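There are 2 protein chains.
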Amino acid sequence: MSVDTDIRKADRPSKPLYARMKEDLVRRILRGDWRPGELVPSETALAQEYGVSVGTARKAIEELAVERLVLRQRGRGTTIAKADERSKPFRFYRLHYGNSVQPIFSVKYLSVKSARASAAEARALGIARGSAITRVERLRGHDGIPAVFERLAVREDLCPDAAAIIGDLQPASFYTMLERSFHIIVPHVKEQVQVAMADERDAEVLKVAVGSPLLEVTRQGYALNGEVVELRQMRAVPSVHYSNTIGGPSSPPAG
Amino acid sequence: MSVDTDIRKADRPSKPLYARMKEDLVRRILRGDWRPGELVPSETALAQEYGVSVGTARKAIEELAVERLVLRQRGRGTTIAKADERSKPFRFYRLHYGNSVQPIFSVKYLSVKSARASAAEARALGIARGSAITRVERLRGHDGIPAVFERLAVREDLCPDAAAIIGDLQPASFYTMLERSFHIIVPHVKEQVQVAMADERDAEVLKVAVGSPLLEVTRQGYALNGEVVELRQMRAVPSVHYSNTIGGPSSPPAG
DNA sequence: CAGTGGTCTAGACCACATC
DNA sequence: ATGTGGTCTAGACCACTGA
């Protein structure tokens, strides 16, 4: 039976039933009981399995849906959300070139290699200094113009053989690849935006002068269990801007 | 009776009952039936008034709560959210100095005056060129160091006598002032972040060299009815960064 | 067609804030 | 003590999808 611990007699002081049920469902998703794109049991089936009313099961599933972990479709059923469904329009990729509305940039891989985590990387990733990581350099362009230079780092303990796999696939979507190749779901990211000065590598790749100002976005990608799995630094030419919207009908929860 | 149109026999094809009820509640908030901080009728009272079940009324109110228009407190009741409740930790103010977690900056008003909207301002505000607006300059500092130079513009047709009122109050929170002095609620903003070069005024105020790179955040503030009421440009010294979090438990809906 | 999620109802009990 | 929102139940009907 898939419910290891009876959610009805847990915790002290006990959380609401639907909350415990939700946590258990997350545990099962994390364990890989259902893969992204796969159908989850129906409301009534889950209600029966957990011994709760449909309304309660519904509330648990509903919360997973607003967190975009799960996709509900009337008549079809509920599926585990795939990376592209989770990150719909601009959720993750908020960089735009000039006035263009399209966030679409071509991607070119510049390098993919295994390395050892620096002190800063180790701290940010929550691993020991010197642990194995994979470093990736990508360049995004707009109409043939270099626009965004990305440096990524992922934990090799979570993504074994990442260098080879990434080098081979050169995926347009990093999160889809993490999902398909390593069963890692990244439902949550934190970003900081600031001004940076171009170093020599930036200058070379982006065709700008060393020391010229760039827009820098630093990102930490969190896995379902809360661990940081990915670090990303994006340095963009000054004509690129970062856009964000806060509040309003149907905006997701803020951290 | 406060329900002008019977929400039960509306629209074609008709939206769900709870959605129509929600829209009607928004209409009443917009009309000012209840002021920020004031108690809204209870679930059961509203259910009775609209002739729906408590569960349905509940769903309508619940949606207003996730949009932060309304604040629900068990044992107390439901109130119209005040500006500071709506913009809780960092929802609107996402600029930080260096590594400090606190987004707290002192505020100093530099100038407040009436003016005519430029072509760009008029377009962004959805008003005619040359319409009356109020322009405000503020400086935010961190530990006595100039950090963020803000230029604001608000529509004077919506905020009559704004120049005098703002000059008089010099409010720390602009949105709280809009709410209290003009009954305008701003539940939604859009922001763009980019690199800018310091002009002469920036240089003078922020104590940097003309032409040196700054972090610029441009913001449009939307009123409840969807109109743009406020334009804001924030130019910050390079040690300031903009932070954002996407997804995860209890993140608001993304635009 | 059977099965899904979406809406809606009517009731119960509870934890909590206020007076 | 009263009234609030929060949880939970058990049912009904509907719109839609897919075989």
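In order, the protein sequence lines correspond to chains G and F.
Taking the working numbering, I'd label the letters of the first sequence as residues 808 to 1062.
Taking the working numbering, I'd label the letters of the second sequence as residues 808 to 1062.
Beta carbons are placed, not taken as given, at the ideal position from N, Cα and C, and that holds for glycine.
Keep in mind that this is a model prediction, so the values were computed, not measured.
Residues of the same chain with a CB within less than 6 angstroms of the CB of Q1001/F, apart from the 5 flanking positions on each side, are E1023 in chain order. DSSP places R838/F inside the alpha helix (DSSP H), whose first and last residues are 824-838.
T1025/F and E1011/F have their C-alpha atoms some 20 angstroms from each other. Close to R875/G, with beta-carbon spacing below 8 angstroms, are these residues of chain F in chain order: G1054. According to the DSSP assignment, V1035/F belongs to no alpha helix (DSSP H) but to the beta strand (DSSP E) extending over 1035-1043.
In terms of Cβ geometry, R1042/G and L959/G do not form a close pair [threshold 8 angstroms].
When secondary structure is reduced to three states using DSSP, F989/G falls in the helix class. Residue contact check for P823/G against chain F: no CB pair falls below 8 angstroms. Residue state for R958/G is assigned as strand, using DSSP reduced to three classes.
Exclusion of the five residues before and after V859/F leaves L824, M828 as the residues of its chain whose Cβ lies within less than 7 angstroms of its Cβ.
With contacts defined by Cβ atoms closer than 8 angstroms, L917/G and R945/G form a contacting pair. For a Cβ distance threshold of 9 angstroms, nothing in chain F lies close to P843/G: the least Cβ distance comes to about 15 angstroms. Measuring C-alpha to C-alpha distances from I836/F to each of R875/F, A969/F, D975/F, I940/F identifies R875/F as the nearest. For R930/G, the uninterrupted alpha helix (DSSP H) run begins and ends at 926-932, by DSSP. V908/F has its alpha-carbon roughly 32 angstroms from the corresponding atom of I972/F. Listed along chain G are L1022, P1045, V1047, H1048, Y1049, each with a C-beta nearer than 8 angstroms to that of Q1001/F. For the pair R923/G and G937/G, the CB atoms are nearer than the 8 angstroms cut-off. The criterion of a C-beta distance shorter than 8 angstroms is satisfied by E856/G and P848/G.
Residues of the segment 1010-1044 of chain G whose Cβ lies closer than 8 angstroms to any Cβ of chain F, in chain order: P1020, L1021, L1022, Y1029. Counting the other CB atoms within 10 Å of its CB gives G1055/F a total of 16 or more, which places it among the buried residues.
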